[in-house]
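**Q**
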Amino acid sequence: VSQDCRFQNGLHIWEDCFIPEITDPITGSVLDCGCYGDLVITTINKEGIPLIRYKTKDICSLIADKCECGRTHIRMTKPAGRTDDMLIIRGVNVFPSQIEGVLLESGETAPHYQIIVDRIGNLDHMVVELEVSEKMFSDDIEGMEILEKKLLSKMESILGISCKIKLVEPKSLSRNDGTAKINRVIDKRKYE
Numbered sequence: 201v202s203q204d205c206r207f208q209n210g211l212h213i214w215e216d217c218f219i220p221e222i223t224d225p226i227t228g229s230v231l232d233c234g235c236y237g238d239l240v241i242t243t244i245n246k247e248g249i250p251l252i253r254y255k256t257k258d259i260c261s262l263i264a265d266k267c268e269c270g271r272t273h274i275r276m277t278k279p280a281g282r283t284d285d286m287l288i289i290r291g292v293n294v295f296p297s298q299i300e301g302v303l304l305e306s307g308e309t310a311p312h313y314q315i316i317v318d319r320i321g322n323l324d325h326m327v328v329e330l331e332v333s334e335k336m337f338s339d340d341i342e343g344m345e346i347l348e349k350k351l352l353s354k355m356e357s358i359l360g361i362s363c364k365i366k367l368v369e370p371k372s373l374s375r376n377d378g379t380a381k382i383n384r385v386i387d388k389r390k391y392e
């Protein structure tokens, strides 16, 4: 569908074979270039099994301006996540990849985390449980409080909603033993 060039400023979509669109993952309405949404493609030259407005479930945006390499085909940004991973919390689209990005960016924690979503009354609540290092867990209570506040501030800035950060002891969250995919999201909400 697309290919990178030496300038690596977005993937060039082969518009002679595919018609790309970006749509809102919830409403399906077409979004303008530069807006992030679900990449939808239509094949032009497939005869046996054509794809008409196929939802790739990749979250990205389109770039319409000419690339430095000289190609004029529209480009797509690197996928920022998947719509099938998307959570809707208090009307806001939240992707686990956004949360993971904040946690990895901090550089101070192990990459083991779990997202728990629940509904209390009529309001959704999200808790991010995050393992800390053994040294931090046993020795540095003040450091843990500082880390928690720093992560909370960054999460609210990136996600656009408030959440709770819960620092947990090392090796308390499930690990990938090679037999199954880790379930990073636990959604306890009941839908009636």
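When we follow my numbering, the leftmost residue of the sequence shown carries the number 201, and every step to the right adds one.
For glycine and all other residues, C-beta sits at the position ideal for the given N, C-alpha and C.
1. Identify, in the order they occur along the chain, each residue of the same chain with its Cβ nearer than 6 Å to the Cβ of K354, setting aside the five sequence neighbours on each side.
2. Taking 7 Å as the cut-off, is the C-beta of I299 nearer than that to any heavy atom in the ligand FAD?
3. Can you give me the C-alpha to C-alpha distance between S357 and E247, rounded to a whole angstrom?
4. Would T283 pass as a contact of D238 if the rule is Cβ separation under 8 Å?
5. Please report the residue range of the beta strand (DSSP E) in which V327 lies.
6. Using the rule of at least 16 other Cβ atoms within 10 Å of the residue's Cβ for burial, across every protein chain shown, is E305 buried or exposed?
7. From this set, G228, T243, A264, I244, which residue's C-alpha is nearest N209's C-alpha?
8. When the Cα of N383 is compared with those of P296, V292, M276, which residue comes out closest?
9. Measuring CA to CA, which of I241, K257, L287 is closest to L251?
10. Note down, in chain order, each residue of its chain lying with its Cβ closer than 8 Å to the Cβ of A380, except the 5 sequence neighbours on either side.
11. At the level of alpha carbons, what is the spacing between P220 and D204?
12. At what residues does the beta strand (DSSP E) containing I386 begin and finish?
13. Would C363 pass as a contact of V328 if the rule is Cβ separation under 8 Å?
**A** Looking at the atomic coordinates:
1. Only V302 meet the Cβ criterion.
2. No copy of the ligand FAD appears in this structure; indeed no ligand is present at all.
3. In this structure, the CA atom of S357 is about 47 Å from the CA atom of E247.
4. Using a Cβ distance threshold of 8 Å, T283 and D238 count as a contacting pair.
5. DSSP places V327 inside the beta strand (DSSP E), whose first and last residues are 323 to 331.
6. Classification of E305: exposed, given that the 10 Å Cβ count is below 16.
7. The shortest Cα separation from N209 among G228, T243, A264, I244 belongs to A264.
8. Looking at the Cα atoms, P296 is the closest of the given residues.
9. For L251, the nearest C-alpha among the options comes from I241.
10. Confidence at A380 is low in this model, with a pLDDT of 49, below 50, so the placement of that residue should be treated as unreliable; the coordinate-derived value is given next. Closer than 8 Å at the Cβ level, and outside the excluded window around A380, lies no residue.
11. C-alpha separation (whole angstroms): 16 Å.
12. Taken as a continuous stretch (DSSP letters only), the beta strand (DSSP E) holding I386 covers 385 to 387.
13. Contact flag set, yes.
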